[in-house]
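First comes the structure, then the notes that go with it.
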Amino acid sequence: MMLEINHSEKLRNNVRELGYTLGEVLVEQAGKKLFNNVEKLRLLSKQLRTKPNRDTVAKIKTIVQKLSLTESYNVIKAFSIYFILVNAADEVNRIIEEKLSEAKNGTNEDYLQNAFNEIKKLRPTKTQIESLLQSIKIEPVFTAHPTEATRQTVLKKTLKISSLLLQKELQFNSDYELKGIKRKIKTEITLLWQSNEIRFSKITVEDEIIRGLFFFSETIYKYLPAFYDSINGSFEKTFGYSIDFPDIIKFGSWIGGDRDGHPYVTENITKNAYNIHQEEIIKLYLQDLNKIYEELSTSILLKGVNRRFLNSLKKDQDLLNVSTTDNQLREPTEVYRAKLYLIYRKLNNKLNPEGNNVFAYKEASEFINDLLLIKESLLENDGELIAQNLISPLLYKARTFGFYFVKLDIRQNARLLKNAVEEIFSKTSPGIKYSKFTETEKIDLLTEEILNP
Numbered sequence: 000m001m002l003e004i005n006h007s008e009k010l011r012n013n014v015r016e017l018g019y020t021l022g023e024v025l026v027e028q029a030g031k032k033l034f035n036n037v038e039k040l041r042l043l044s045k046q047l048r049t050k051p052n053r054d055t056v057a058k059i060k061t062i063v064q065k066l067s068l069t070e071s072y073n074v075i076k077a078f079s080i081y082f083i084l085v086n087a088a089d090e091v092n093r094i095i096e097e098k099l100s101e102a103k104n105g106t107n108e109d110y111l112q113n114a115f116n117e118i119k120k121l122r123p124t125k126t127q128i129e130s131l132l133q134s135i136k137i138e139p140v141f142t143a144h145p146t147e148a149t150r151q152t153v154l155k156k157t158l159k160i161s162s163l164l165l166q167k168e169l170q171f172n173s174d175y176e177l178k179g180i181k182r183k184i185k186t187e188i189t190l191l192w193q194s195n196e197i198r199f200s201k202i203t204v205e206d207e208i209i210r211g212l213f214f215f216s217e218t219i220y221k222y223l224p225a226f227y228d229s230i231n232g233s234f235e236k237t238f239g240y241s242i243d244f245p246d247i248i249k250f251g252s253w254i255g256g257d258r259d260g261h262p263y264v265t266e267n268i269t270k271n272a273y274n275i276h277q278e279e280i281i282k283l284y285l286q287d288l289n290k291i292y293e294e295l296s297t298s299i300l301l302k303g304v305n306r307r308f309l310n311s312l313k314k315d316q317d318l319l320n321v322s323t324t325d326n327q328l329r330e331p332t333e334v335y336r337a338k339l340y341l342i343y344r345k346l347n348n349k350l351n352p353e354g355n356n357v358f359a360y361k362e363a364s365e366f367i368n369d370l371l372l373i374k375e376s377l378l379e380n381d382g383e384l385i386a387q388n389l390i391s392p393l394l395y396k397a398r399t400f401g402f403y404f405v406k407l408d409i410r411q412n413a414r415l416l417k418n419a420v421e422e423i424f425s426k427t428s429p430g431i432k433y434s435k436f437t438e439t440e441k442i443d444l445l446t447e448e449i450l451n452p
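Under numbering that gives the first Met the number 0, think of the first position of the sequence shown as 0, with each following residue one higher.
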């Protein structure tokens, strides 16, 4: 019999425990007086929310009016951290509810499952299904918000607290381990208190670019394979067979390319945004390759490899001047590790070119093809599980992010675009007065020129 859990009560307990820990930090870091003021204001605010009355408002005003500037700042900061903790607890609680519901019902029927069920009702053929999936393209675009002041420092500490809460709730922990988790949470709260939650210097466009990258590198990049695992699982459950699901999702961003009314987004800023994105995604690929290298210890003494893979390995060894006795290749029979090492070298050369003669990837498609060679060889030689769990996740990432991470959208003021087109036609077709055309005529003309090779 499964134990029924009151999720609301669990959430309240976590919020209560986090609030108690924050109270300890406030006393330790700023004194009992701050804690008392915060606690009084918290209780009065709660009372005001449940039963509004003038007397409660007057009490709140009395406390606030007596605060010095420093005390006011500390009170605001205390409540800011409190809301960060409450939001973290709420997000963790929702994750736990989903997992417990899945365990209880023995299924994870969600929007994906529902969508596939609707498709199945239409009785499509396999060819029609694959054609439909290939046509799906989803592209969320992250917009620029220069007024957003939250620092990466705060975002990372919030993410750390959420991870610790999940560890506390989802893992079996001894009393000693539980105390350790709580101690780590208190450490992060203390660090939040001792950190500037907003910048005290002017935010640059580069700051915006790096902040935007936080969400891609710390969340989307990490969890993209889990998304495809989920969608593949739902598909297989519905249709009874598995496929290599196409990459249906890409990502875009305006950050660093939004020149419409933003005087600081120059051509050089946009180029720098691209370079920052490329450097970050390649570094993430290199980290993943290191992890796969540690795991993929298959030896040709025990399992074969296909000929295309061996030819590619030999070609790269020659181009990179790497022999099978290289220090990094201590066991020459582990040919997959040899290939991963060469892939790493080509990626690293892309990131850190040392001259025109250095052999490196020119396009992301070359990187993807190398990963596909490893996957195909594993599939042909009893390595389906290895390919699925080690190579496929990186393949999905490479297909999604390429060497650019996100597609950088260039937004420009319409007047400047119109002037640029006017100038082009003045040089190529002096008889055309683009600015005098109607909107329909402009569209027809531009369409004709775009389609003209």
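Glycine residues also receive a C-beta, built at the ideal position from the N, C-alpha and C atoms. Keep in mind it's a predicted model, so treat the numbers as computed, not measured.
The continuous alpha helix (DSSP H) containing PRO392 extends over residues 391-400.
If the five residues before and after GLY211 are omitted, its C-beta is found closer than 7 Å to the C-beta atoms of PHE141, SER252, ILE254, all from its own chain and listed in chain order. Secondary structure at GLY251: strand, using DSSP grouped into helix, strand and coil. The three-state reading of DSSP puts LEU407 in strand, counting E and B together.
ILE135 carries a coil assignment under DSSP once its states are collapsed to helix, strand and coil. One alpha carbon belongs to SER434, the other to ARG410, and they sit about 20 Å apart.
Contact between ILE299 and THR269 does not hold, since their C-beta atoms are separated by about 47 Å, which reaches or exceeds 8 Å. PHE244 places its beta carbon less than 8 Å from that of PHE234. Secondary structure note for ASP54: its alpha helix (DSSP H) is the uninterrupted segment 53-64. Around the beta carbon of GLY239, fewer than 16 other beta carbons sit within 10 angstroms, so the residue counts as exposed. Measuring C-alpha to C-alpha distances from VAL334 to each of ASN310, ASP228, LYS119 identifies ASN310 as the nearest.
PHE238 carries a helical assignment under DSSP once its states are collapsed to helix, strand and coil. A check of alpha carbon separations from PHE250 across LEU407, GLN64, ASN418, ILE59 identifies LEU407 as the nearest.
Where LEU177 is concerned, the enclosing alpha helix (DSSP H) starts and stops at 174-193. Closest by C-alpha distance to GLN193, out of VAL153, LYS167, ASP206, is VAL153. Judged by DSSP secondary structure, LEU212 falls within the alpha helix (DSSP H) whose first and last residues are 204-214. Residues LEU394 of the same chain have their beta carbon placed closer than 8 Å to that of LEU371, with the five preceding and five following residues left out of the count. Note that the stretch 54-62 touches the stretch 34-46; at least 3 beta-carbon pairs, one per stretch, sit closer than 8 Å. Counting every other CB atom within 10 Å of its CB across the protein chains shown gives PHE308 a total of 16 or more, marking it as buried.
Taking C-beta atoms as the reference points, ILE247 and ILE390 fail to come closer than 8 Å. Beta-carbon to beta-carbon, LEU350 and GLU278 are separated by about 6 Å, close enough to satisfy the 8 Å threshold. Straight-line spacing of the CA atoms in ARG41 and PRO224 works out to 42 Å.
In the three-state scheme derived from DSSP, where H, G and I count as helix and E and B as strand, VAL85 is classed as helix. Contact annotation: the stretch 432-447 does not touch the stretch 282-292, with fewer than three C-beta pairs closer than 8 Å. Rounded to whole angstroms, the separation of the alpha carbons of ILE180 and THR186 is 10 Å. Per the coordinates, the alpha-carbon of ILE373 lies some 26 Å from the alpha-carbon of SER130. Residue pairing by DSSP puts PHE141 in a beta bridge opposite SER252.
Contact check for ASP259 against ASN412 passes: the beta carbons are separated by less than 8 Å.
Looking at the backbone, the Cα of ASP109 and that of GLU96 are separated by about 14 Å.
For ARG258, there is no enclosing alpha helix (DSSP H), as DSSP marks it with neither H nor E. The closest CA to that of ILE281, considering only LYS50, GLU90, ALA359, is found on ALA359.
CA-to-CA, the gap between LYS58 and LEU47 works out to about 10 Å. Straight across, the Cα-Cα distance linking GLN170 with LEU384 is about 26 Å. GLN28 carries a helical assignment under DSSP once its states are collapsed to helix, strand and coil. Assigned with DSSP and collapsed to three states, GLY382 falls in coil, not helix or strand.
Under the three-state reduction of DSSP output, ILE219 falls in the helix class.
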